[in-house]
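In the UniProt record's numbering, the protein residues as written are 1 to 616.
Quick reminder that beta carbons are idealized off the backbone N, C-alpha and C, glycines included.
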Amino acid sequence: MASLSGLCSSSPSLKPKHDRVVIPLFHKYSLAFPTRSNSCSKLSVAGEVSADLSKTNSVGVLKKAKQGGLEKDPKALWRRYVDWLYQHKELGLYLDVSRIGFSDEFVAEMEPRFQAAFKAMEDLEKGAIANPDEGRMVGHYWLRNAKLAPKPILQVQIEKTLDAVCKFADDVISGKIKPPSYPEGRFTQILSVGIGGSALGPQFVAEALAPDNPPLKIRFIDNTDPGGIDHQVAQLGPELASTLVIVISKSGGTPETRNGLLEVQKAFREAGLDFSKQGVAITQENSLLDNTARIEGWVARFPMFDWVGGRTSEMSAVGLLPAALQGIDIREMLVGASMMDNATRSRVLKDNPAALLALCWYWACDGVGSKDMVILPYKDSLLLFSRYLQQLVMESLGKEFDLDGNRVNQGISVYGNKGSTDQHAYIQQLREGVHNFFVTFIEVLRDRPPGHDWELEPGVTCGDYLFGMLQGTRSALYANDRESVTVTVQEVTPRSVGALVALYERAVGLYASLVNINAYHQPGVEAGKKAAGEVLALQKRVLAVLNEASCKEPVEPLTLEEVAERCHAPEDIEMIYKIIEHMAANDRALIAEGDCGSPNSLKVFLGECNLDELYA
Ligand SMILES: O=P(O)(O)OC[C@H]1O[C@](O)(CO)[C@@H](O)[C@@H]1O
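In structure tokens:
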């Protein structure tokens, strides 16, 4: 028998009661990840879909025009730049689509589809059931202009919540609401517990807009990773006593968020603190989280509305409360979003920046997601914009079926960090390697607050370099037929950030109409959640089976096959192996003998038998 020891014998609680040689289960064991082969399947799916879509004129035009290549004549390109440049005067926002090669013919062909998309968007804003699967309205646009809400009660709810958020934030910042163990002090930290749409917006906005010395600093627990949670709690140290914990979950039942809450509550208990005096919930009324917070008497509860999806919730209490507590002007964020909403209601394609973006996406991705969207903000504070957009775009557009039930496997992949940092990482491939992307540059004109700039060499500032890097990369990519869009804002302010969020929310909604999918559900995510629940249920059965065998005298070590048989799950033997591997690596009183490279040679039992459990 090969010697395996280590993992299983390392913890005192794992001490085998039997005199055996225990060997490390996973010695020389390395996890092999499957190589990425989905590019092939994506190609075939794209092939199928474009074959299907090519029956319509727009895609035929798209294919024909693409064969002609991109405009390279500088004068013609300048004309194209000027002709297509979109400007929102009040917001100081520009959108340049000249480096996407769509033709006038293609635009004309797309026009009827855009008119249909504008109509669908109008219906949605008027309160149509825009998410048919879930029978819900989709009302994130009402959050920044409550008067648009289709029922007066909704308007009242929106305004009441906004006032409550502002008042609560003022009271916390001023010290009127204070942590119980610091009666003279005030809250200094926020610990935000939430995942997906209940984290990404607040994370993006904190990074983009929080002042250097915010009234409350923010940290996030956005996973069920014990190491990550421990790290956040450890970093808070004694300031846990002055930490406001905001638990955010629309459904109020997301396992990762629940686990984060339980872990934080344990840390509070261990520190002798009363969690309820420092906890705040943002969730739907009567959810599990809402009921827990009400029964335990948490400091405050704020509603999430049924008609706001997680990934479009930044302008609800989800995004606004953490932002306000950091001293960010949330009413300005709402103004920026509302101004952008007005602009993106235009039915004239050239005057509607969201429609222009959707047009570019359609062109660049052949209407089937054949290219990835690389988001490159040239501004450190916008680093998390790509991560935020990743959920907004991919959870909205990544769908198996269209609204007519045809299998389409739609979506656009999104990634990116920031320039010019990424220039020293993967831009090499973008310039010369596989041509499977288009870029969105986000340009911020103002480098520093007025009066702070200086020339680090004659006539040139640090910000000029950043500008030069952006322009240089854009030109170099274009010269090699790599298309790009550029969004320009004057500064990163609450107003411009609100506008960017609104711009992309609308672009995603319009694009979804163009490709005929429901942007407002996420059925694929449910499959993973269900499967995770099944794994944990199987783990409990494995433990029960091992416990029974380990309570025998003498103890009965079991092969993986025997464990699987006794769990009545022979088809799950690989998962049982993975469960045992994970438990063995985590001091779970599990003893294994055999050769880790030959799973069939393994024999497993528990180091301690639990009679109570056996007879329960
Ligand atoms: O806010 P909740 O209900 O905890 O959900 C978190 C996230 O989980 C998802 O439902 C996907 O799993 C997202 O759409 C959502 O933003």
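Helix, strand or coil for Tyr-182, going by three-state DSSP, please let me know.
On the sequence shown, residue 182 is found 182 positions in, with the first residue counted as 1. Tyr-182 falls in the coil class under three-state DSSP.
Compute the minimum distance between the beta carbon of Ser-287 and the heavy atoms of ligand 1, and state whether it is under 6 Å.
Here residue 287 refers to the residue found at position 287 of the sequence shown. No, ligand 1 has no heavy atom inside 6 Å of this Cβ.
Hey, could you find the ends of the beta strand (DSSP E) Met-304 is sitting in?
Counting from one through the sequence shown, the residue named residue 304 turns up at place 304. Run containing Met-304: none; DSSP gives neither H nor E here.
Kindly indicate which residue of Gly-594, Leu-514, His-568, Ala-564 has the alpha-carbon position closest to the one of Phe-114.
Here residue 114 refers to the residue found at position 114 of the sequence shown. In terms of Cα proximity to Phe-114, the closest of Gly-594, Leu-514, His-568, Ala-564 is Leu-514.
Output the boundary residues of the alpha helix (DSSP H) element that contains Ile-580.
Start at 1 with the first residue of the sequence shown, and residue 580 comes out as number 580. Here the alpha helix (DSSP H) through Ile-580 covers 573-584.
Taking 6 Å as the line, does the beta carbon of residue 617 fall inside it for any heavy atom of ligand 1?
Residue 617 cannot be examined here, being either before or after the span of the chain that is shown, 1 to 616.
Quickly, what does DSSP pair Lys-246 with across the bridge? List them, please.
Counting from one through the sequence shown, the residue named residue 246 turns up at place 246. The question names Lys, but residue 246 in the sequence shown is Ile. Its beta-bridge partners are Ser-192, Val-280.
Beta-bridge pairing of Asn-436 - partner residues as DSSP gives them
Sequence index remark: in the sequence shown, residue 436 carries index 436 (1-based). In the DSSP secondary-structure assignment, Asn-436 is not bridged to any residue.
Hey, could you find the ends of the beta strand (DSSP E) Tyr-426 is sitting in?
Here residue 426 refers to the residue found at position 426 of the sequence shown. First-last for Tyr-426: undefined, no H or E at that position.
Is His-88 helix, strand or coil by DSSP?
Here residue 88 corresponds to residue number 88 of the sequence shown, with the count starting at 1. Note: His-88 maps to strand in three-state DSSP.
So which of Ala-532, Leu-558, Ala-531, Gly-533 has the shortest CA-CA distance to Ala-544?
For the purposes of this step, residue 544 is identified with residue 544 of the sequence shown, where counting begins at 1. Minimum Cα distance to Ala-544 is reached at Leu-558.
When we look at the beta-carbon of Ser-58 and count the other beta-carbons within 10 Å, is it buried (16 or more) or exposed?
Start at 1 with the first residue of the sequence shown, and residue 58 comes out as number 58. Under the 10 Å beta carbon count, Ser-58 is surrounded by 16 or more other beta carbons and is classified as buried.
Specify whether the stretch 279-299 and the stretch 214-224 touch according to this definition: at least 3 beta carbon pairs, one from each stretch, less than 8 Å apart.
A contact between stretches requires three or more CB pairs, one per stretch, nearer than 8 Å, and the stretch 279-299 fails this requirement with the stretch 214-224.
What span of residues does the alpha helix (DSSP H) with Glu-534 cover, start to end?
One-based indexing of the sequence shown puts residue 534 at position 534. Secondary structure note for Glu-534: its alpha helix (DSSP H) is the uninterrupted segment 523-550.
Do you know how far the Cα of Val-97 is from the Cα of Asp-73?
As a first step, residue 73 is located in the sequence shown; it is residue number 73 there, counting from the start. As a first step, residue 97 is located in the sequence shown; it is residue number 97 there, counting from the start. Rounded to whole angstroms, the separation of the alpha carbons of Val-97 and Asp-73 is 16 Å.
Taking DSSP as the reference, what is the three-state secondary structure of Asp-372?
Mapped onto the sequence shown, residue 372 falls at position 372. Taken through DSSP and simplified to helix, strand or coil, Asp-372 comes out as strand.
Tell me which residues share the same chain as Glu-314 and place their Cβ nearer than 6 Å to its Cβ, disregarding the 5 neighbours each side in the sequence.
Your numbering for residue 314 matches position 314 in the sequence shown. Gly-201, Val-501, listed in sequence order.
Beta-carbon proximity list for Ser-601, same chain, < 6 Å, skipping 5 on both sides:
Position 601 of the sequence shown, counted from the first residue, corresponds to residue 601. Once the five neighbours on either side are set aside, the close Cβ partners of Ser-601 are Gly-594, Asp-595.
Would Leu-191 and Thr-224 be called neighbours here (beta carbons separated by less than 7 Å)?
In the sequence shown, the residue the question calls residue 191 occupies position 191. In the sequence shown, the residue the question calls residue 224 occupies position 224. Taking 7 Å as the Cβ cut-off, Leu-191 and Thr-224 do not qualify as a contacting pair.
Flag this pair as touching only if the stretch 100-117 and the stretch 359-378 have three or more C-beta atom pairs under 8 Å; answer yes or no.
With the cut-off at 8 Å, the stretch 100-117 and the stretch 359-378 touch.
Residue range of the unbroken alpha helix (DSSP H) whose run includes Asn-275:
Sequence index remark: in the sequence shown, residue 275 carries index 275 (1-based). Rather than Asn, the amino acid found at residue 275 in this sequence is Phe. Unbroken run through Phe-275: none, as it is neither H nor E.
First through last residue of the alpha helix (DSSP H) which encompasses Tyr-478
For the purposes of this step, residue 478 is identified with residue 478 of the sequence shown, where counting begins at 1. According to the DSSP assignment, Tyr-478 belongs to the alpha helix (DSSP H) that extends over 462-479.
Gln-391 vs Ile-517 beta-carbon contact at 7 Å:
In the sequence shown, residue 391 corresponds to position 391, counting from 1. In the sequence shown, residue 517 corresponds to position 517, counting from 1. The answer is no: Cβ separation not under 7 Å.
From this set, Tyr-81, Tyr-141, Gln-522, which residue's C-alpha is nearest Asn-131's C-alpha?
Locating residue 131 in the sequence shown gives position 131, counting from the first residue. Comparing Cα positions, the closest option is Gln-522.
Looking at the unbroken beta strand (DSSP E) that takes in Asp-96, where does it start and where does it end?
As a working mapping, residue 96 is identified with position 96 in the sequence shown. Here the beta strand (DSSP E) through Asp-96 covers 93-96.
Does the distance from the CB of Gly-297 to the CB of Thr-257 come in under 7 Å?
Position 297 of the sequence shown, counted from the start, is the residue given in the question as residue 297. Position 257 of the sequence shown, counted from the start, is the residue given in the question as residue 257. Taking 7 Å as the cut-off, the beta carbon of Gly-297 is found no closer than this to the beta carbon of Thr-257.
In the DSSP assignment, the beta strand (DSSP E) including Leu-456 goes from what residue to what residue?
As a position in the sequence shown, residue 456 is number 456, starting the count at 1. Unbroken beta strand (DSSP E) run through Leu-456: 455-457.
Output the boundary residues of the alpha helix (DSSP H) element that contains Phe-220.
Here the question's residue 220 lines up with position 220 in the sequence shown. Here Phe-220 belongs to no alpha helix (DSSP H); instead the beta strand (DSSP E) covers 217-221.
Report yes or no: do the stretch 485-492 and the stretch 74-85 share at least 3 C-beta pairs separated by less than 8 Å?
Contact between the stretch 485-492 and the stretch 74-85 is not established, with fewer than three Cβ pairs separated by less than 8 Å.
For the beta strand (DSSP E) containing Ala-592, name the first residue and the last one.
The count along the sequence shown starts at 1 and reaches residue 592 at position 592. Start and end: 590-593.
How many angstroms separate the CA atom of Cys-567 from the CA atom of Ile-576?
Here residue 567 is taken as the residue at index 567 of the sequence shown, counted from 1. Here residue 576 is taken as the residue at index 576 of the sequence shown, counted from 1. For Cys-567 and Ile-576, the gap between their C-alpha atoms comes out near 9 Å.
Return the chain-ordered ranges of every alpha helix (DSSP H) run that is complete within the stretch 97-180 and spans a minimum of 4 residues.
Segments of the alpha helix (DSSP H) lying fully in the stretch 97-180: 104-125, 152-174.
Kindly examine ligand 1 and report whether one of its heavy atoms sits closer than 6 Å to the Cβ of Gly-411.
Here residue 411 refers to the residue found at position 411 of the sequence shown. Flag unset: Cβ of Gly-411 not near ligand 1.
Assigned secondary structure, Glu-443 (DSSP; H/G/I helix, E/B strand, else coil)
To locate residue 443, count along the sequence shown from 1; it is residue 443. In the structure shown, Glu-443 sits in a strand (DSSP, three-state: E or B).
Would you call the stretch 434-450 and the stretch 396-408 touching, i.e. three or more CB-CB distances under 8 Å?
The stretch 434-450, when compared against the stretch 396-408, does not touch it at the 8 Å Cβ threshold.
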